[in-house]
Structure formats: C-alpha cells, structure tokens
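Peer 1: Mind the numbering: the sequence shown is residues 1235 to 1815 in our numbering, read in order.
Dumping the structure here so I can ask a few things about it.
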Amino acid sequence: MLRSLLRSVSNPQRQTFRPQMSVEPGQMKKTVTTSLEIVTPSEILNWEEPLLQDEPVQDVVSNLLETFVTYNRCFTFNEVLDWADEGADGDKLRQSFVDDPRFVCFYLQECSEEYFVPERTLFRWWSHFSLQLAGSRQPRLTHRQLAMSMSSLRADGQWDVPPIAAVDFGRQFGFVGSAWSSGHYVFPLAYILSNMTQPLRQLSGTILETFECAEKRELVLKQSLADAIKSGLSHFNQRAIEVIKGREGLPPYNKMTLEQLGAIQGVTRERIRQIESKFWRRLSSEPITRSNYPIILAFLTGLLVEIIRCRGTLVVNTESEQTALVVFLSRCLSIPQTEIGRLVVLGVSNIDLSILAQLNSITQQIDPDVIATQLDAGNLAFLPAGDLEQIAQTNAIDKTGKLTKVDKVYLTLKNIGEPVHFSDVTEVYNYLYPQDHMTERNIHAVLSRCAHPDSEQHGIVWVGLRGTYALKEWGYERPSLSIFDAVAEIVEEKYEQTGQKPVPIAVIQAEIGKYRQVVNSTSLVIAIQCNPRLEQVFKDTFVPKDLSEQSRQEIAEDETDRILKEFQSELDHRSQGHSGA
C-alpha cells in the first residue's frame, strides 16, 4: 500500500519518499510504485500489517494534508479517498480537510461535488488572473465569463457558475467585487494594475507572489501605510522629505505653498520647486533603475497592501486620515485620481458626471439608487457596488443641498402620495425640512404658482377643490371646467339624450367623475342647487334653464303623471296586502 510505503521514513535503511509541489497525487502513485525497485522483497512483505497497527491515525491524516496542500489545482474529496488507504474513516478525514485553514472548501450543487483547493494555490490564481485582466484592460466580467476562467482550477470539465467560496476568498483581498448591475463582477486590483506601466505591473506580480504565504501576508497587512511611505522616503535627504511632506500634506503637515515652505526651510521659492521637481523626476524614470527601485518597491507594496486591506475599495473619504497617504502613493505610481465632493476615486482622472443630466426629474437626481445605476452605465463601471453607492449618496446629498423651495414643496407633495390640502403639505414640509421652516401662506403661494397653467412646475396641479393639489404623474389633471359649468353640461347632455326628460341628481353625481377626479360632495350639491343654468322642476330633478314655457309645462305634466302613477301603484300594493290579511 502507498501509505505503507510512506512509513518507510521511520526505517533509516529505507529510501525516503517526499512528493514534490509540482507533482499531482495521481502521478505520485506511479512514482512511488517505481520506487519499489530500491526496496528489498522482504521489506515489502513486512511493511503493511505491522506498520498499519503501529502508526497513529493523526500521522496518516497529516501526511495527506501535507500532500494535498501542495496541489496546484482544486480537487474533490473522492480524490482524497482514492489517495487514502482502504478502510480509512472518511468522515474524520473530510473534517480534517474542512477544518484546516490552508484549504478552501466549496460545494457545487449543480454537480453535487465537494471541492477543496489550497489557499496558497487560490491566492496565486487570483494574482495571475488580475495581472491578465490588467494587461487586457478588462476590469469587468459576467458571472458566466468568470466561471469559465475559474474552470482552469479544475483538472477537467467546466463550471457554469463561479464557486461562491472561491469568489469570496478573492473578494476579501480586493481581487473581485460585485458590480452594481446584477450578473457582473468587477476586479478592483486588476483595474489599478491596468493603470500602471508594464515594469510596475511586473513588479506588482513579484510582490503578490510573496503574499501567497498566509503567514507572510498577515505580517505585511499589519504594516501601516505611513510605514511604507516612511520606508520609501528614507532614500531621500531630510530637506527633500520635509518639502514633499509639506507639499503633499502628509502627516503631520497640512498642504503648504512654495513660499510657506521656503520660509520654513530658509530658502527661496524657486529652490523648493527644484527640490520637488527632482523628487518626481527620480520616481518617473523608466525602466525602473537601481536608484529608484527600493523607493518604488516600498510605495508599490504600500498601495497594494492598502487595496488588499480595504478589500478592493477604490473610494477614499477626504475626511479620513489615510486620504493624503493614498493620494500620495497613487501619484508616486502615476495612478490617476479625482475628487467627487468629499470622496477621492482612484484609477480615473476625469469622472464624466454629465451622464446624470439625463435624469430629468428631481426625484431621480436625488435618488442614490438611480444615480448609481446611471453612473454604472458610464465610465465608473469598474467600481464595486459599495464604491458606486458611496459616490451616488454623496452626489444625492450635494444635489439635495441645492434644492429650491419649489423643489422641496414638490418632494413633500410626492412624499405624501395623494391629493392633499396645502395645510397638510405645510405640516409635512416642516417635518422634512426643519431648517427651512415655511408658513401655510408660503406653501399655498408656492403651490398656486406651480399649479398655474401658464407657469406649471414639476407637474403640480390643482384638482378642483379649494387649496387641494396633486401631481400629474399620479394621473391628475387640472379641471377644464368649473364645477358649476360641469354640472350644467351634464344636465344639458343627459336632457337631450333622454328625449328631454328631467335629469335626476343621482345621474349628475354619477357623471361628474368624467369631469373631475376629486369632488367634494357639499360643493357638488351647491353647484346643482344654486346653478344659474339649471332649473329644478321637482325635488331632485333638473333641466336646463333656457327652456320655453311650453317645454316647462310639458315637463311638469309628465313629472306629475309619473308621481301620480307611483302613488297609485303604492295604494294598489297596500290594498292587496289588506285583502290577503
């Protein structure tokens, strides 16, 4: 048995076998079988049974863990079982692989397989993949595209979806992040690398290789950004260090002008400018020279560590103490950056916010989700969703601070969501904007002005009730007729349609909705009873007022006949009831 052969290490007379990193378990079996030629037949016969009884189980598991931790691709647990001895406790063996922090475990439901991959191998894969994306300037992929790329971790076959655990592993080091739009991934570290020169990308690859070891990586991640800058600046004289710190605003200094630094250093403004220029020339030389290599190495390591430590976020708040340090390192490595409000975005020199001009309504212009979606369609598609959200919120806050009173009244009305009296609008407005208190009179004036047909703004409309307003986007329109004219028109229309019969008040109430979406019942009764264009012929029926005397008489006679018939019918009904009794 193969495990029995591995136990030969306990016998000094036997040839020790140690698998190499580049050899896979399947190949290692063949190698060991060949190595039997150096072992005597008597030793082969005596290896299996006694050593199986004497060897501790933990040693067997440790040997398997040490073997597979050198694997350069992912493997299934079935492969581990094939590598183990017959009769091995599969549950304990599996739990050992799951608990070992050197392995990343993930289960794919689509193929009902449990996979393991050494953490070191997975970190190396993400590093190489980021460098490839940087070279091709491709900082964004669909889920399907990433799954196809990650299939290179398999011995054969292909994944249809990316393994979530493997993606989460890359996410914690800034290699990958979720895009704002669903179905896509972005690669922040790859995007930053794509902004670097080829020599810097090559050096970045070398630095990332040193991070493959978890112990080394943890040690480096504990180092502060200030330490990296201090290490790089140590290759300059003290005067140059003071000048650069003052000009770049590095702690403990604030940004200073050439004149201010000259006064502090006791030299001229021109001399300060020369010192600063010499510093930047030394960093900008290509290819990397022996003199600037340690400087660039320190700065580049510091920036990569910061991106990894921040899990790929490329947005820095200007209120953070780290902002000046990150901006300085980016400038040293010729990585562009730009400011949006209180944020600094790395990797882009000019953010085109003109795409936000396509947002027509004020509600869209202050909605972070809408803004983020719009920016994601522009030149910020490389940013992770969290970064885009920060930018969108900053832009929305900035826009909100510039709102006019009309904008705020509109937003208040929209927030209420239904036709409402201006007094209620005032109450909600003062709750939403306590720093901009307004009276009912002010609110009413704004609403009246916005709802006027000649100066309509934001789609605010008067719905026909005194002091009540709504929005066109809700489906409301300003009534084209007054309520008196609308009632008169209903009566005239129905009077003609029914062959000049009086129009009951119930018909008027049913038809008024065609003319007005909101009606006050009291106002409607007044418009019917006091309408100068109508005449009441009997109780609750009305006719147009401009009828001839003959028409009125005929209507009155018809109405009288109708009432008499109803009365006679009622009497007959009662008499029948008494007869039956």
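Every residue gets a Cβ at the ideal spot worked out from N, C-alpha and C, and that includes glycine.
Since this is a predicted model, take the numbers as computed values, not measurements.
My output table needs one value for L1315: the three-state DSSP class, helix, strand or coil.
Peer 2: Correct three-state label for L1315: helix.
Peer 1: Applying the 10 Å Cβ sphere with the 16-neighbour rule, what's the burial state of C1566?
Peer 2: Counting Cβ neighbours within 10 Å, C1566 comes out buried, since at least 16 surround it.
Peer 1: Hey, L1580 and I1441: beta-carbon distance below 8 Å or not?
Peer 2: Result no, Cβ atoms of L1580 and I1441 do not sit closer than 8 Å.
Peer 1: Assuming H1178 is part of the beta strand (DSSP E), what are its boundary residues?
Peer 2: Outside the shown range of the chain (1235 to 1815) lies residue 1178, about which nothing can therefore be said.
Peer 1: Which residues does DSSP list as the beta-bridge partners of E1348?
Peer 2: Y1341.
Peer 1: Straight-line CA distance for P1570 to Q1436?
Peer 2: Cα-Cα distance, rounded: 19 Å.
Peer 1: State the beta-bridge partners of V1549 as determined by DSSP.
Peer 2: Paired residues: V1579.
Peer 1: Since T1638 and L1666 are thought to touch, with beta carbons under 8 Å apart, how far apart are those beta carbons, to the nearest angstrom?
Peer 2: In fact, because the Cβ distance is near 14 Å, the residues do not count as touching under 8 Å.
Peer 1: So, using beta-carbon positions, are P1396 and Y1349 closer together than 8 Å?
Peer 2: Not a contact, by the Cβ cut-off of 8 Å.
Peer 1: Return yes when the Cβ of Y1419 is within less than 8 Å of the Cβ of L1375, no when it is not.
Peer 2: For L1375 and Y1419, yes; Cβs fall inside 8 Å.
Peer 1: Please state the DSSP three-state secondary structure of T1189.
Peer 2: With the chain represented from 1235 up to 1815, any question about residue 1189 goes unanswered, as that position is not in the structure.
Peer 1: Could you check whether K1648 and T1607 sit closer than 8 Å to each other, using their CB atoms as the reference points?
Peer 2: In this structure, K1648 does not lie closer than 8 Å to T1607 by Cβ.
Peer 1: Taking A1679 as part of the alpha helix (DSSP H), name the residues at either end of that continuous run.
Peer 2: Residues 1674-1685.
Peer 1: I believe F1403 touches V1338 by the beta-carbon criterion, under 8 Å. Please report the beta-carbon distance rounded to the nearest angstrom.
Peer 2: Rounded, the Cβ-Cβ distance is 5 Å, consistent with contact.
Peer 1: According to DSSP, which residues form a beta bridge with P1397?
Peer 2: According to DSSP, P1397 bridges with nothing at all.
Peer 1: Just tell me which of T1572, N1754, Q1763 has its CA closest to the CA of R1700.
Peer 2: Taking only the C-alpha atoms, the option nearest R1700 is N1754.
Peer 1: Under the three-state reduction of DSSP, which class applies to R1543: helix, strand or coil?
Peer 2: Here R1543 sits in helix by DSSP.
Peer 1: When DSSP builds the beta bridges, which residues end up paired with V1477?
Peer 2: Per DSSP, none; premise fails for V1477.
Peer 1: DSSP three-state call for V1695: helix, strand or coil?
Peer 2: In this structure, V1695 counts as strand in the three-state DSSP scheme.
Peer 1: Note down, one range per segment and in chain order, each alpha helix (DSSP H) of at least 4 residues found wholly within the stretch 1348-1386.
Peer 2: As far as the stretch 1348-1386 is concerned, its whole alpha helix (DSSP H) runs of at least 4 residues are 1353-1370, 1377-1384.
Peer 1: Using the Cα positions of L1342 and A1368, report the straight-line distance between them to the nearest angstrom.
Peer 2: If you take the alpha carbons of L1342 and A1368, they lie about 29 Å apart.
Peer 1: DSSP three-state call for I1509: helix, strand or coil?
Peer 2: Helix at I1509.
Peer 1: Pair every Cβ in the stretch 1758-1768 with every Cβ in the stretch 1727-1746, then say whether three or more of these pairs are closer than 8 Å.
Peer 2: Yes, since at least three Cβ pairs between the stretch 1758-1768 and the stretch 1727-1746 fall closer than 8 Å, the two stretches touch.
Peer 1: What's the C-alpha gap between S1438 and T1535?
Peer 2: Whole-angstrom Cα-Cα distance: 8 Å.
Peer 1: In the DSSP assignment, find the unbroken alpha helix (DSSP H) run with E1745 in it and report its ends.
Peer 2: Element bounds for E1745: 1739-1745.
Peer 1: Along the chain, where does the alpha helix (DSSP H) that runs through V1721 open and close?
Peer 2: Its alpha helix (DSSP H) spans residues 1717-1731.
Peer 1: Start and end of the beta strand (DSSP E) containing T1557?
Peer 2: Premise fails: T1557 lies in the alpha helix (DSSP H), 1557-1566, not in any beta strand (DSSP E).
Peer 1: If I follow the unbroken alpha helix (DSSP H) through Q1571, where does it start and stop?
Peer 2: Taken as a continuous stretch (DSSP letters only), Q1571 belongs to no alpha helix (DSSP H), being part of the beta strand (DSSP E) at 1571-1574.
Peer 1: Can you have a look at E1540 and say buried or exposed, based on whether 16 or more other CB atoms are within 10 angstroms of its CB?
Peer 2: The residue is buried, with at least 16 neighbouring Cβ atoms inside 10 Å.
Peer 1: Going by beta-carbon coordinates alone, are I1589 and L1617 separated by less than 8 Å?
Peer 2: For I1589 and L1617, no; Cβs fall outside 8 Å.
Peer 1: Going by DSSP, what residue range makes up the beta strand (DSSP E) through T1775?
Peer 2: Element bounds for T1775: 1775-1778.
Peer 1: Would you grab the beta carbon distance between P1736 and F1776 for me? Rounded to a whole angstrom, and I think it's under 8 Å.
Peer 2: Indeed, because the Cβ distance is near 6 Å, the residues count as touching under 8 Å.
Peer 1: Starting from the N-terminal side, write out each stretch of the alpha helix (DSSP H) that is 4 residues or longer and does not extend beyond the stretch 1438-1492.
Peer 2: Whole alpha helix (DSSP H) segments, 4+ residues: 1448-1455, 1459-1467, 1472-1482.
Peer 1: If you check the beta carbons only, do S1330 and V1295 fall under 8 Å apart?
Peer 2: Their beta carbons are under 8 Å apart, which means S1330 touches V1295 by this criterion.
Peer 1: Hey, is the stretch 1518-1531 in contact with the stretch 1450-1457, meaning 3+ C-beta pairs nearer than 8 Å?
Peer 2: Touching, no, given that fewer than three Cβ pairs across the two stretches are closer than 8 Å.
Peer 1: Enumerate in chain order the residues of its own chain whose CB-to-CB distance from A1722 is below 7 Å, with the five nearest sequence positions on each side excluded.
Peer 2: Once the five neighbours on either side are set aside, the close Cβ partners of A1722 are N1765, R1767, L1768.
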